[in-house]
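Encoded as structure tokens, the structure appears first; notes follow it.
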């Protein structure tokens, strides 16, 4: 296994453990054991648990950013882009729940861990930048209503985050898949040109 | 050709549809007389000249350097003679033609009054179109509303010294127009940290985010070669209007066009995605020194 592959494995394992057990309960020995490496060797990859925590946020942000970028760059309507973003996000929640769980339950709930070097846009920039591009393009082509960025961003991502939270809590009566169409439509109706 | 090797080049300044702004600017040139001494001034509407306008409008002699100020209107007459006729007559014999100001360069303000009819000399906004296209190889555009007097001075001095003037794709001297108005702006630190100016006339804050400043997208050396040697629009807290560019005048000069709070136009040559990444990160930080009045800031606070 190359060093990069080993690094990816640590990220994957850490995401699962942090999102299942919680950030503070999970220890570096827990992660090292699950990966099958010594604790000493672990530190060759990440110098502390806080550093790992920040790297995980960047990892998720880059994953989301790359996926949204592909949607932004495709030749489809803004309404279709909304559907594609919703779909991508729900698929991720379904297939890689640890990524969304980590974002919601660790990153957003333990701000003290991320207050130095990961505050504001620093670690989530790849993701937020693509959402900015999405909104900018939507307004520029006349599909979306021109309003404050964060009003629109909060409506879009807050809605998705809320649905994934309900899904994680097993409150939703239907699988996430069944909500893609209606939620995309609701978001479009809320943001479209008036 | 009227000149021989020993005589001074003959300089003629004609006007189309104009507010005289470029003439006013030219009259403010610090060493105007020193510059004029290098030429024989055939005619200028506001300076003592060798000839009167009757002589010029009769189109019986020719010049070496033709300067044209104002928008070209094919129906406009001066002294009963079509400007078009004078322009073609003098352009044919001239060694160099200079369009001074954005009206003569691209159509400018007076094109807006009759967009289908009026234009610059070889450009209509950024499209190659105009009455002197046949002479484009000897035409220099000095855009600006008005053009900076030093830019006219530079160009005429280069011509007098028989030096080559390299031009950009809009026929503007590269030496003067390769800079952006943003270069040398005293507000650059606010631009770096994305701190807006809330109003006009303030010393603090960047004018790009809210107040409509076009300096990062505008080819001009206004903050490098200062106006009256001391100032510029942005230095006194007024946004750059992008007056040297072919799309001038734009509408809503005092506000930045945004799409969901994101500037529609980003600094020249910078991909919007890259710009937004940088902006988002810069806005994360709060630099106390830049958030209040500079004169009130104390390190010990």
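Protein chains in written order, with our numbering: chain A, 658 to 851; chain B, -11 to 289.
Idealized CB from N, CA, C, for every residue including glycine.
Endpoints, beta strand (DSSP E) assigned at residue i
i: residue 31 of chain B; result: 28 to 31
i: residue 3 of chain B; result: -2 to 3
Given residue i as reference, the closest of the options once Cα atoms are compared
i: residue 707 of chain A; options: A:749, A:819 and A:768; result: A:768
i: residue 7 of chain B; options: B:270, B:142, B:59 and B:207; result: B:59
i: residue 161 of chain B; options: B:145, B:26 and B:12; result: B:145
i: residue 796 of chain A; options: B:252, B:200 and B:153; result: B:252
i: residue 26 of chain B; options: B:12, B:49, B:-1 and B:9; result: B:-1
i: residue 85 of chain B; options: B:50, B:255, B:227 and B:221; result: B:50
i: residue 227 of chain B; options: B:259, B:194, B:208 and B:254; result: B:194
i: residue 231 of chain B; options: B:207, B:211, B:43 and B:213; result: B:207
i: residue 264 of chain B; options: A:693, A:791, A:850 and A:720; result: A:791
i: residue 282 of chain B; options: B:18, B:178 and B:42; result: B:178
i: residue 202 of chain B; options: B:248, B:256, B:192 and B:164; result: B:256
i: residue 74 of chain B; options: B:28, B:197 and B:43; result: B:43
i: residue 785 of chain A; options: B:200, B:101, B:262 and B:274; result: B:262
i: residue 808 of chain A; options: A:823, A:781 and A:844; result: A:844
i: residue 709 of chain A; options: A:670, A:827 and A:695; result: A:670
i: residue -5 of chain B; options: B:267, B:96 and B:29; result: B:29
i: residue 200 of chain B; options: B:167, B:241 and B:183; result: B:241
i: residue 23 of chain B; options: B:260, B:149, B:47 and B:103; result: B:149
i: residue 99 of chain B; options: B:235, B:183 and B:279; result: B:235
i: residue 233 of chain B; options: B:280, B:191, B:169 and B:220; result: B:169
i: residue 88 of chain B; options: B:197, B:204, B:159 and B:105; result: B:159
i: residue 94 of chain B; options: B:37, B:83 and B:111; result: B:111
i: residue 181 of chain B; options: B:196, B:154, B:167 and B:70; result: B:196
i: residue 204 of chain B; options: B:225, B:213 and B:173; result: B:173
Residue i classed as buried or exposed, judged by whether at least 16 other C-beta atoms fall within 10 angstroms
i: residue 135 of chain B; result: buried
i: residue 821 of chain A; result: buried
i: residue 285 of chain B; result: exposed
i: residue 277 of chain B; result: exposed
i: residue 3 of chain B; result: buried
i: residue 114 of chain B; result: exposed
i: residue 832 of chain A; result: exposed
i: residue -11 of chain B; result: Confidence is the limiting factor: at residue -11 of chain B the pLDDT is only 47, short of 50, which leaves the residue's position unreliable, though a coordinate-based value still follows. Burial call: exposed.
i: residue 722 of chain A; result: buried
i: residue 10 of chain B; result: buried
i: residue 733 of chain A; result: exposed
i: residue 730 of chain A; result: exposed
i: residue 175 of chain B; result: buried
i: residue 52 of chain B; result: buried
i: residue 63 of chain B; result: exposed
i: residue 15 of chain B; result: exposed
i: residue 12 of chain B; result: exposed
i: residue 218 of chain B; result: exposed
i: residue 668 of chain A; result: buried
Enclosing alpha helix (DSSP H) for residue i [first to last residue]
i: residue 852 of chain A; result: Because chain A is modelled from 658 through 851, residue 852 of chain A falls outside the range shown and cannot be assessed.
i: residue 602 of chain A; result: Examination of residue 602 of chain A is not possible in this model, given that chain A is present from 658 through 851 alone.
i: residue 841 of chain A; result: 837 to 848
i: residue 754 of chain A; result: 754 to 758
i: residue 277 of chain B; result: 276 to 279
i: residue 698 of chain A; result: 696 to 699
i: residue 676 of chain A; result: 660 to 678
i: residue 820 of chain A; result: 806 to 825
i: residue 169 of chain B; result: Segment: none, residue 169 of chain B is in no alpha helix (DSSP H) and carries neither H nor E.
i: residue 237 of chain B; result: Residue 237 of chain B -> no alpha helix (DSSP H), and no H or E assigned at all.
i: residue 177 of chain B; result: 176 to 180
i: residue 218 of chain B; result: Looking at the DSSP string, residue 218 of chain B is not in any alpha helix (DSSP H), and its letter there is neither H nor E.
i: residue 763 of chain A; result: Here residue 763 of chain A belongs to no alpha helix (DSSP H), and DSSP marks it neither H nor E.
i: residue 14 of chain B; result: 9 to 15
i: residue 260 of chain B; result: 260 to 272
i: residue 686 of chain A; result: 685 to 692
Distance cut-off 6 angstroms: residue i Cβ against heavy atoms of the ligand PLP
i: residue 188 of chain B; result: The ligand PLP is not part of the structure shown, which contains no ligands of any sort.
field: Ordered list of alpha helix (DSSP H) runs contained in the region 20 to 96 of chain B, each at least 4 residues
entry: Within the region 20 to 96 of chain B, the runs of alpha helix (DSSP H) at least 4 residues long that lie entirely inside it are, in chain order, 20 to 24, 41 to 45, 71 to 81 and 89 to 94.
- request: Answer yes if the region 679 to 691 of chain A comes into contact with the region 724 to 742 of chain A, meaning at least three C-beta pairs across the two stretches below 8 angstroms, and no otherwise.
  value: The region 724 to 742 of chain A makes no contact with the region 679 to 691 of chain A: fewer than 3 CB pairs, one atom from each, lie closer than 8 angstroms.
message: Restricting to runs no shorter than 4 residues, where is the alpha helix (DSSP H) found entirely within the region 121 to 161 of chain B?
response: Runs of the alpha helix (DSSP H) inside the region 121 to 161 of chain B: 137 to 148.
task: Assess, as a yes-or-no matter, whether the region 120 to 131 of chain B is touched by the region 182 to 195 of chain B under the definition of 3 or more beta carbon pairs within less than 8 angstroms.
output: No, because fewer than three Cβ pairs between the region 182 to 195 of chain B and the region 120 to 131 of chain B fall closer than 8 angstroms, the two stretches do not touch.
message: Counting beta carbon pairs with one atom in the region 836 to 846 of chain A and one in the region 740 to 749 of chain A, are three or more of them shorter than 8 angstroms?
response: Judged by Cβ distances under 8 angstroms, the region 740 to 749 of chain A makes contact with the region 836 to 846 of chain A, as three or more pairs qualify.
query: With a cut-off of 8 angstroms, do at least 3 Cβ pairs link the region 139 to 154 of chain B to the region 12 to 23 of chain B?
result: Yes, the region 139 to 154 of chain B touches the region 12 to 23 of chain B.
- prompt: Hey, is the region 748 to 763 of chain A in contact with the region 661 to 676 of chain A, meaning 3+ C-beta pairs nearer than 8 angstroms?
  reply: A contact is defined here as three or more CB-CB pairs under 8 angstroms, and the region 748 to 763 of chain A meets this definition with respect to the region 661 to 676 of chain A.
contact_flag[the region 267 to 276 of chain B, the region 768 to 777 of chain A] where n(CB pairs < 8 angstroms) is 3 or more: Look at the beta carbons and you see the region 267 to 276 of chain B touching the region 768 to 777 of chain A: at least three pairs across the two are nearer than 8 angstroms.
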